[in-house]
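Just so you know, the sequences run in chain order A and B.
Just remember that our numbering sits 354 ahead of the position in the first sequence, which is counted from 1.
Just remember that our numbering sits 23 ahead of the position in the second sequence, which is counted from 1.
Every residue, glycine too, gets a C-beta built ideally from N, C-alpha and C.
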Amino acid sequence: EAQVTQNPRYLITVTGKKLTVTCSQNMNHEYMSWYRQDPGLGLRQIYYSMNVEVTDKGDVPEGYKVSRKEKRNFPLILESPSPNQTSLYFCASSLTDRGRSHGYTFGSGTRLTVV
Amino acid sequence: ILNVEQSPQSLHVQEGDSTNFTCSFPSSNFYALHWYRWETAKSPEALFVMTLNGDEKKKGRISATLNTKEGYSYLYIKGSQPEDSATYLCAFFSTDMRFGAGTRLTVKP
Numbered sequence: 355e356a357q358v359t360q361n362p363r364y365l366i367t368v369t370g371k372k373l374t375v376t377c378s379q380n381m382n383h384e385y386m387s388w389y390r391q392d393p394g395l396g397l398r399q400i401y402y403s404m405n406v407e408v409t410d411k412g413d414v415p416e417g418y419k420v421s422r423k424e425k426r427n428f429p430l431i432l433e434s435p436s437p438n439q440t441s442l443y444f445c446a447s448s449l450t451d452r453g454r455s456h457g458y459t460f461g462s463g464t465r466l467t468v469v
Numbered sequence: 024i025l026n027v028e029q030s031p032q033s034l035h036v037q038e039g040d041s042t043n044f045t046c047s048f049p050s051s052n053f054y055a056l057h058w059y060r061w062e063t064a065k066s067p068e069a070l071f072v073m074t075l076n077g078d079e080k081k082k083g084r085i086s087a088t089l090n091t092k093e094g095y096s097y098l099y100i101k102g103s104q105p106e107d108s109a110t111y112l113c114a115f116f117s118t119d120m121r122f123g124a125g126t127r128l129t130v131k132p
């Protein structure tokens, strides 16, 4: 089944403790992206990747890192999480073209709470 | 900064009612407009990808139109059913991209 797999689904952590949210897709998509969803706001892009070893900042990259060493994986790293990073996170992928022409396939989401 | 507005924010209708909502976006540098359906506790799912002015797309009881010159897209649901209850998101693509905040639809049996 074609899908984007995100883990974990839920995570509660403490301020300053490094964490990684994994994202993997099995559709050979070139484009992958991370978003966060906060109440009253639309999905906001954190980072995106056009292909292996090519990543770029989205609208809200502060406090996050990403890597794209393999085409299928695009982990989101929070080196020193803070409470303002408490949010619902989604990974998404698309065939190419920054997702414009093909639409996104989203992962199931990760609800992160930083205390 | 791209401004993508969706209206209304929320909508409550009775089963069987037809409804529509709007996504407004800048009319310059248009590339594509997406619609997504997002059910509670699930992830957004693509409904339509629209790229041409005047595009009309249909999937079952749901359809969408696109006017890139005036910068809006309408999503229509004919004969709403309780299972249509969800948040409907639009995403606008130009040289950048932006999601709207969504319209939350509740269909009462």
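Cβ of residue 313 of chain A less than 8 Å from any chain B Cβ?
-> Residue 313 of chain A is absent from the model: chain A starts at 355 and stops at 469.
Name, in chain order, the residues that DSSP records as bridge partners for residue 375 of chain A.
-> A:430
Which partner residues does residue 21 of chain B have in the DSSP bridge list?
-> Lying outside 24 to 132, the shown extent of chain B, residue 21 of chain B is not represented and no answer is given.
Which stretch, first to last residue, makes up the beta strand (DSSP E) that contains residue 468 of chain A?
-> 464–468
Would you kindly work out how many angstroms separate the C-alpha atoms of residue 374 of chain A and residue 94 of chain B, rounded to a whole number?
-> 39 Å
Does any residue of chain A bring its CB to less than 8 Å from the CB of residue 54 of chain B?
-> yes
Grab the span of the beta strand (DSSP E) containing residue 398 of chain A for me, first residue to last.
-> 398–405
Below-8 Å beta-carbon distance, residue 444 of chain A vs any chain B residue = yes
State the start and end residues of the unbroken beta strand (DSSP E) segment that holds residue 120 of chain B.
-> 120–122
Hey, would you say residue 67 of chain B sits closer than 8 Å to residue 105 of chain B, going by beta carbons?
-> no
Under 7 Å between beta-carbons, which chain A residues line up against residue 124 of chain B? List them in chain order, please.
-> 394, 395, 396
Got a sec: is the Cβ-Cβ distance from residue 67 of chain B to anything in chain A below 8 Å?
-> Taking Cβ atoms only, chain A reaches closer than 8 Å to residue 67 of chain B, which makes this a yes.
Any chain A beta carbon closer than 8 Å to residue 121 of chain B | yes
Grab the span of the beta strand (DSSP E) containing residue 72 of chain B for me, first residue to last.
-> It spans 68–73 - the beta strand (DSSP E) in which residue 72 of chain B sits, taken as one unbroken run.
Does the stretch 123–131 of chain B come within contact of the stretch 72–81 of chain B, defined as at least 3 CB pairs closer than 8 Å?
-> no
So what does DSSP say about residue 90 of chain B, is it helix, strand or coil?
-> strand
Among A:453, A:425, A:400, which residue has its Cα nearest to the Cα of residue 57 of chain B?
-> A:453
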